[in-house]
Amino acid sequence: MPADEIVIRGAKVHNLKNINLRLPRNKLIVITGLSGSGKSSLAFDTIYAEGQRRYVESLSIYARQFLGQLEKPDVEYIEGLSPAISIEQRTTGGSPRSTVATQTEVYDYLRLLFARIGCVYCYGCAQAITRQSADEIIKDILTKLIGGRIEILAPLIRGKKGEYRDTANQVQKAGFARVRVDGAIYELGLFPRIDKYKLHNIEVVVDRLIIKPEERKRLADSVETALKVGKGIVIIACAGKDYVFSQEYACSKCGISYTEVQPRIFSFNSPYGACPACNGLGVKFEFDIDFIIPDRDSSVIEAIEPWRKGGRGYLMYYRSLLRQLCSSLDIDLETPFNKIPKEKQKIILYGSPELVGSRRYEGVIPHLERLFKETESEFLRYEISRYMSKAPCPQCNGSRLKKEALSVKIEGLSIYDTARMSIADALIFFENLKLNERQRQIAHQVLKEIRLKLKFCIDLGLGYLTLDRLSSTLSGGEAQRIRLATQVGSGLVGVLYILDEPSIGLHRRDSDKLITTLKALRDLGNTLIVVEHDEQTIRSSDWVVDLGPGAGRHGGEIIFNGPISELYKCRISLTAKYLNKELNIHPSLNPRAADGRNMLKLIGASEHNLKSIEVGIPLGLFVCISGVSGSGKSTLIYDILYPALMQKLFKSKVKVGRYRRIEGYEFIDKVIVVDQSPIGRTPRSNPATYTGAYSHIRDIFARLPESKVRGYKPGRFSFNLQGGRCEACMGDGIKKIEMHFLPPVYVRCEVCQGRRFNEQTLEARYKGKSIADALEMTVLEARELFGNIPKIKNILDTLCDVGLGYIQLGQSANQLSGGEAQRVKLSSELSKRATGNTLYILDEPTTGLHFADVDKLLLVLHRLVEKGNTVIVIEHNLDVVKACDYIIDLGPEGGDAGGEVVACGSPFELTKNNKSYTGSYLKKVLENE
């Protein structure tokens, strides 16, 4: 076997049909094909899984006992594997401590940089604080004050009230003769009476001398004594001026001491650096008036939401108390809450120390705070928490750190200030940092690493992200590119990288940077296997593996395996036909016109980077929100428009981003978000349960003669209930093995062999198929089995319409990609009775879709619009953008340089706008049609 190849023989994982192939090493390899054709099965479940298994086997027996035995992928032979690293499309979970800076390791280097060259400033008076050794202090005095007459003073009292007669006596007993009180020298025997109500500064005079080289020993002895008495601080008075020197980080003016500046004090994950009030989270949960009083136009008696729910006695007591309070404050109970004077609103919310009748009124918010702390009921605590929202920690103002850490600055900026910068701005700051020679020597290597890591992120189109952005708020594509940037920065050689659609979430303008980065990784001596549908990435690859010909059981075969130049000649490849433009996704030649009558208007949107923009969304059309990465698309739709509509239409208690007003929402009946979040997080969730098909299927099995004889009800065929399920795996069909420092692994249950049910339940059969057989069927196969049952057929038809005919009915939610999960949700909505006037919001619905699948999806979305609904998609895929009726393009750049409406109109109108990046790329695409 040649050393420059990866050889795979007999791969049969999932739907792979005993395939054999050879892949070149140190190349950029793209695996493409229809959704469900077996791309992930080959890349992740075969190649990566075998690489991971071999890694575990290479460990010692002692280490392996903690990891368990990994199941070998169903493949006969793989040779030529390098150590494999998988970079998938997933967010890093919900940890509130993980940020872009910590994930890219930039924050580790920032902590080191600030610890080594940062200047400490007093948080009390903003005075710079320096630290020197005794030798350095003596050398400094000899250099700066040679020939001068000086007094060496040790500070005793700094800015404190008192008479200090006892302090003077103690100093005199220690052998000193003079003190300086508020700038005047006194003999200790003549210590003055001082006003104990005023602030005073008192220093003991240790020595007086003229600075000469021959006096070095005396100077050194006196300075040492002063440092000891003054607890690390010495003051040299010369010619009416004080020179303060410190051995410790301590403010000579305020007397505030600082701990030694070490990297750990800048960590919000360490008790040495984390703000004690919020434990380094930067936020605290507080009661939110908008949630407590969602409708301020309601009467005062009806406005307080928590006092409209609960037990009868509870409600009567607090409503009675509220009536008495309103009577004493001369407030009519029918007065709208927002018409009550502010000071009286404050009393209702926060209480009053005065008695109301014979009782004290504690206020709505103090009452809820007390209940939240005192209750032992988790249910009640959960109910009360619904009236709370996150707010910046009042002690650290959201910085997460102690004030000591924030007092260390470089060029006037704290570590928190730099973390708030975008990656692009941070690179500019660190490239233009002005340092002295000593600082340059210390910081050279650290700055080099920071700049490199920031540059890698910018090269991957992430320059708009701020360093303090929470990892949990990143999209799947952003999270993947963050991990990719970390890998590029690691400089590893001889590694096999496996990536899942890294182009997701990238505007066409940024795709070139991504491809350059992938090629740079390859040129280091690594092999890259990329599961991808993006046309640019496919054309830029060295080698292509095209799987098909169909999806699910109709896929799993090698259609093409070879260099990209040969793919164009392959007559049986669907991918090749789209690349050669033999097949095409046609633009909307006659886009529906925006008549200007039914328009949803959002005015003054100014959340995050949005520049108080006005956006008009024509209703009844297929609308695309486009723009470069970070231009404000998700902020506009998910942070403002969607929650604002939920508030207006359904009185929902959700936080809405900043905007002035919204118009036209009365033309909308429903708002449905179809996102890429999982349809469930456990093996129990699957397409059949999510779409409701499984309830009907269980009813059919319960009506079978065999079931009636045995007394089986629909619950017998549920894997969530005892009775019919396999108790060994609790109906999961698989068991979870924790891998400690590796991701958990799921293995098939040895009792039911993955079928989820016990033997008795499986004996009930419909047309020869058990309930487990039905769940193992693909949607297409199940449609044939249940074709005469309208309720089930309607649901399965819509799953096929969105291109999911290949997935199994019982396929676990954690085995579905983000794109598949989104289409399951879309099909669920399509199968419901149409009402019209519904607003559908989709975020990058083409994730994971081949050209042919995009074509199918567009037909479904246009079908929704034809029924009188409005569809809004956030999308970069130009095949979708050109098929829309109306485009709103945001930009012109990402981050602070974005947040404006660059262009609006039909696809053809957008191509005429020279300021729009989307328009310029769209123009090239339409010219090639």
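Quick note on numbering: this note's numbering labels position 252 of the sequence shown as 523, and the sequence is numbered without any gaps.
Note that CB positions come from ideal geometry on N, CA and C, so glycine has one too.
Between residue i and the rest of its own chain, which residues show a CB-CB distance below 6 Å, the 5 nearest in sequence each way excluded?
i: F727; result: A756, V759, G760
i: Q807; result: S782
i: D345; result: K283, V284
i: A386; result: V532, Q533, P534
i: C525; result: C393, G395, C396
Note down the Cα distance separating residue i from residue j, rounded to an integer number of angstroms.
i: N851; j: R780; result: 22 Å
i: P426; j: N668; result: 34 Å
i: F700; j: H804; result: 37 Å
i: I602; j: I560; result: 20 Å
i: N991; j: L1087; result: 20 Å
i: K432; j: T375; result: 50 Å
i: T363; j: I753; result: Model confidence at T363 stands at a pLDDT of 49, short of 50, so the residue's coordinates are unreliable and nothing is read from them.
i: L287; j: T317; result: 10 Å
i: R929; j: K1006; result: 46 Å
i: P607; j: L592; result: 18 Å
i: A915; j: Y936; result: 10 Å
i: S353; j: G765; result: 7 Å
i: I465; j: D437; result: 13 Å
i: L892; j: K1138; result: 10 Å
i: R368; j: R955; result: 30 Å
i: G963; j: I1042; result: 15 Å
i: E1052; j: A1174; result: 46 Å
Can you tell me where the beta strand (DSSP E) with residue i in it begins and where it stops?
i: Y348; result: 346-350
i: L921; result: According to the sequence provided, residue 921 is Phe. The question's Leu does not apply to it. First-last for F921: 913-921, but that is the alpha helix (DSSP H), not the beta strand (DSSP E).
i: V452; result: 449-452
i: C390; result: 390-392
Indicate whether residue i and residue j have their beta-carbon atoms separated by less than 9 Å.
i: K882; j: E1171; result: yes
i: V278; j: Y326; result: no
i: I423; j: S517; result: no
i: N1140; j: P949; result: no
i: I302; j: A320; result: no
i: F972; j: S978; result: yes
i: A1123; j: L305; result: yes
i: L770; j: A959; result: no
i: G826; j: G309; result: yes
i: T373; j: C390; result: no
i: A697; j: V377; result: yes
i: S670; j: V679; result: no
i: V942; j: I775; result: no
i: L1097; j: I1143; result: no
i: Q1031; j: G995; result: yes
i: I681; j: I412; result: no
Could you confirm whether any beta carbon from chain B is found closer than 9 Å to the beta carbon of residue i?
i: D453; result: Absent from the structure: chain B. Only one protein chain is present.
Which same chain residues, not among the five before or five after residue i, have their C-beta less than 8 Å away from its C-beta?
i: E495; result: A405
i: N1065; result: S1102
i: E1021; result: A999
Please list the terminal residues of the continuous alpha helix (DSSP H) segment that includes residue i.
i: N440; result: 436-444
i: L313; result: 310-313
i: T1202; result: What the structure shows of the chain is the stretch from 272 to 1200, and residue 1202 is not part of that stretch, so it cannot be assessed.
i: N297; result: Careful: N297 lies outside any alpha helix (DSSP H) and carries neither H nor E.
i: A574; result: 571-574
i: L725; result: 708-730
i: V1095; result: 1089-1101
i: D1068; result: 1061-1072
i: I618; result: 613-621
i: P958; result: 958-962
What does a CB cutoff of less than 7 Å around residue i pick up in its chain, not counting 5 residues either side in sequence?
i: L292; result: I279, V816, I829, N832
i: E633; result: G622
For the ligand GDP, is there any heavy atom lying closer than 8 Å to the beta carbon of residue i?
i: R325; result: With respect to the ligand GDP, the structure shown offers nothing to examine, as it has no ligands at all.
With a cut-off of 8 Å, do at least 3 Cβ pairs link the stretch 892-902 to the stretch 1157-1164? Under the 8 Å Cβ criterion, the stretch 892-902 counts as touching the stretch 1157-1164, having at least three qualifying pairs.
Please confirm if the stretch 712-729 is in contact with the stretch 767-780, defined as three or more CB-CB distances below 8 Å between the two stretches. No, the stretch 712-729 is not in contact with the stretch 767-780.
For the 8 Å Cβ check, are there 3 or more pairs between the stretch 527-536 and the stretch 653-670? no
Would you say the stretch 856-866 touches the stretch 1121-1136, given that touching needs at least three Cβ pairs under 8 Å? yes
Stretch pair the stretch 475-494 + the stretch 410-422: three plus CB contacts closer than 8 Å: yes
Say whether the stretch 1055-1069 touches the stretch 1016-1034, bearing in mind that this needs 3 or more beta-carbon pairs closer than 8 Å, one atom from each stretch. At 8 Å Cβ cutoff, the stretches do not touch.
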